[in-house]
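Residue numbers (our numbering), protein chains in the order written: chain A, -3 to 325; chain B, 193 to 611.
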């Protein structure tokens, strides 16, 4: 911004006749709030109203419900009884909840790491592929991404089917691994999460890969070329040049993956119907559903949901702060 | 049969959309009644009869049948019956009914009790559909569980139809031993309905009332004896996946890997479905398909689970009068006779003879005469929805320690029933 300020000495400009002064240095301490900042708020209002209606209202309802004894009779109109913190006490002293919580955290962490790793590798590969193959890969990934999670889970479930699945068939008939005859992939919790992980990562990789690929096209070629001439290997170039350039993109994609994977529902829920033991494979999202909607304990389910929301928020806030710090630099 | 069902569903969906387009006219004129039927049990003939009769009696109004799946039904009914877009008439499993009658989800239809059939209605189901001396959900039909078997396989192994429960288990194991890799009794791990007769015949119970509370009984000596027998069948006679659910019993029967299986009576029609149907069956097996009622411990028919459905009008129905009219058609002799001919026990005692006199009918009559229900608690539906019994039997199928598994399950069941 070029403002004329009488206190500062004007300097000659390249444009003939024009004289410029440097902008007045910002006063130390907190940046001054801009005057007349009404317009931004006015512009934000419609979005805020919509958000308040579709996010805020249910959230308030959820919090209210979590303080009540709210069963199926209350759903159909009976007045609920206020029990305040009883639901929370019940949830936080329930060992089942901690089992579900730790299972969810470990599983989500594994999925996020795997998704980011595979997504990055595919994005890097896309920069090197000839155009035809890149298009082919993009279309393939787009289809995987466009596939509804439920459909994908059912199809993957068929492939891993105990009696008629193609995976067991190939393992037995092509590779001669007889122990996979009628092998149940879902009955052992670890194996269940292996299958669930494949489905989730398979569904999440396209988004990661596309976003990172878009970021990669913005890394200036000359910097990479210079580094190459200086003798930097492929991994060094990624670590020292590409990663710092794409750090904000990596952060945002990671936050989204963390949030999505922590509240995963469809894949686990549908897979539990196909096989496996529910009590050993429920994650937070499924556990909330089982408690409130299937079990008719909406109050207790609400308490679990609030705890989950607080957890998700505290994780996200940490990452969002990282991103904003990144932008300030 | 299933293919037609899907076509009907598509037509229903189209009608729903059409209904939306013409909605807003208000009044009883052009009203649309939505009927939720669950699963493929209700024959297409009955569906057509219901739609045609209703639309004939109420010119201008339409009746749409929306087919729901059994899986997750309690959850779906909870959300849909409480919403502003509630279906008008809904089918619900008899063991699930009290969860909704006690919550006030259904319209009180006590005043129509006599008109709907009165004391001719199946008494156990009337009880399941009543709460606080009020009648909320009428019986729809009762299904009983039968054992289907391949006549040639039984003959080849030199076996005959078992007369006691122990014979049944021994037969299953002998069949499995004589046909490696095949199921002498096909029993996927999540199928807990078939385990109930083993518990009951050995003198055990799932849960019994104890004052205000419920006392779960799966770990009693009698129940454990039954559960041990179940484990014997699951591990030594069944080649079914240890953690699969009981859908698609006809698949194994038709490809020859299942030699015997216990299933609801209408599974006969799944097995005999045309080979090119959406869910193909094997009609060429008709002559080879034998059927008998599960034998009891001391002979006779075993106490089997009296599966079946109730049907009620949603308390939030926009057209309760029309919905009750639809209910009257469903409980009419004409409609119920179609169930009888299809191998399901009609909702009225006087129509029992519509089942016919063949082998299946006799087996159904024998089984229905000795049928029993799950604990009569409004919270029982929550036990089912939580999948406690599914988990229990998957673990039993894996060869776990029956006593400790049963004790753990008892604790979980009591926690829900007494909460």
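Note that CB positions come from ideal geometry on N, CA and C, so glycine has one too.
| query | result |
| --- | --- |
| For chain B, is any of its Cβ atoms less than 8 Å away from the one on residue 286/A? | yes |
| What's the call for residue 34/A, buried or exposed, on a 16-neighbour Cβ count within 10 Å? | exposed |
| Taking residue 179/A as the reference, which of 271/A, 149/A, 255/A has the closest Cα? | 271/A |
| Using a C-beta cutoff of 8 Å, does residue 275/A count as contacting chain B? | yes |
| What does the Cβ neighbour count give for residue 306/B, buried or exposed, with the cut at 16 atoms within 10 Å? | exposed |
| Give the residues of chain B in contact with residue 71/A, contact being defined as C-beta atoms less than 9 Å apart. | 270, 271, 273, 274, 295, 297 |
| Starting from residue 178/A, trace the beta strand (DSSP E) in both directions and tell me its first and last residue. | Note, residue 178/A: premise wrong, no beta strand (DSSP E); not H, not E. |
| When the Cα atoms are used, what is the spatial distance from residue 423/B to residue 264/B? | 27 Å |
| Taking a cut of 9 Å between CB atoms, which residues from the region 410 to 434 of chain B lie near chain A? | 431, 432, 433, 434 |
| Less than 8 Å between C-beta atoms, sequence neighbours within five positions excluded: which residues of the same chain meet that for residue 320/A? | none |
| Could you check the C-alpha separation between residue 104/A and residue 197/A for me, to the nearest Å? | 10 Å |
| Distance check for residue 384/B and residue 592/B, CA to CA, integer angstroms please. | 16 Å |
| Could you tell me which uninterrupted alpha helix (DSSP H) segments, each at least 4 residues in length, are contained entirely in the region 456 to 537 of chain B, listed from first to last along the chain? | 459 to 463, 512 to 522, 525 to 533 |
| What does residue 590/B touch in chain A if you count any residue whose Cβ is under 7 Å from its own? | 183 |
| Can you give the beta carbon distance from residue 152/A to residue 194/A, rounded, assuming they're within the 8 Å contact cut? | 7 Å |
| In chain A, what lies closer than 9 Å to residue 437/B by C-beta? | 269, 270, 271 |
| List the residues of chain A that residue 263/B touches, going by C-beta distances under 8 Å, in chain order. | 269 |
| So residue 256/B is in the beta strand (DSSP E); what residue range does that whole segment cover? | 254 to 260 |
| Express the C-alpha separation of residue 200/A and residue 61/A in angstroms, rounding to a whole number. | 33 Å |
| Could you name the residues of the same chain whose beta carbon sits closer than 7 Å to that of residue 283/B, not counting the 5 residues immediately before and after it, in chain order? | 228, 229, 230, 332, 501, 503 |
| Please list, in chain order, all residues of the same chain as residue 405/B whose beta carbon is under 6 Å from its beta carbon, the five residues on each side excluded. | 610 |
| Determine whether the Cβ of residue 300/B lies closer than 8 Å to any Cβ atom of chain A. | no |
| Are the Cβ atoms of residue 516/B and residue 304/B separated by less than 8 Å? | yes |
| Per DSSP, what kind of secondary structure is residue 285/B in: helix, strand or coil? | strand |
| Can you tell me the Cβ-Cβ gap for residue 457/B and residue 536/B, rounded? I've got them flagged as a contact below 8 Å. | 7 Å |
| Helix, strand or coil: how does DSSP classify residue 668/B here? | For residue 668/B there is no data in the structure shown, the boundaries of chain B being 193 and 611. |
| Can you give me the start and stop residues for the alpha helix (DSSP H) that residue 62/A sits inside? | 53 to 62 |
| Let me check one thing: in DSSP terms, what residues is residue 452/B bridge-paired to? | 341/B |
| Select from the region 495 to 508 of chain B all residues with a C-beta closer than 8 Å to any C-beta belonging to chain A, and list them in chain order. | 507 |
| Just the chain B side, please: which residues come within less than 7 Å of residue 68/A by C-beta, in chain order? | 270, 291, 295 |
| Residues in the same chain with beta-carbon distance under 7 Å from residue 521/B, minus the five sequence neighbours each way, listed in chain order, please. | 242, 245, 246, 527 |
| Does residue 377/B come out as helix, strand or coil in the three-state DSSP assignment? | coil |
| In whole angstroms, what is the alpha-carbon distance linking residue 314/B and residue 523/B? | 12 Å |
| Using only the alpha-carbon positions, how far apart do residue 207/B and residue 256/B sit? | Reliability of the predicted coordinates at residue 207/B is poor, the pLDDT of 41 falling under 50, and the value obtained from them is presented with this limitation in mind. One C-alpha to the other measures close to 7 Å. |
| Using 8 Å as the cut-off, can you tell me whether the region 362 to 378 of chain B makes contact with the region 561 to 581 of chain B, which would need three or more C-beta pairs spanning the two stretches below that distance? | no |
| Assuming residue 333/B is part of the beta strand (DSSP E), what are its boundary residues? | 329 to 334 |
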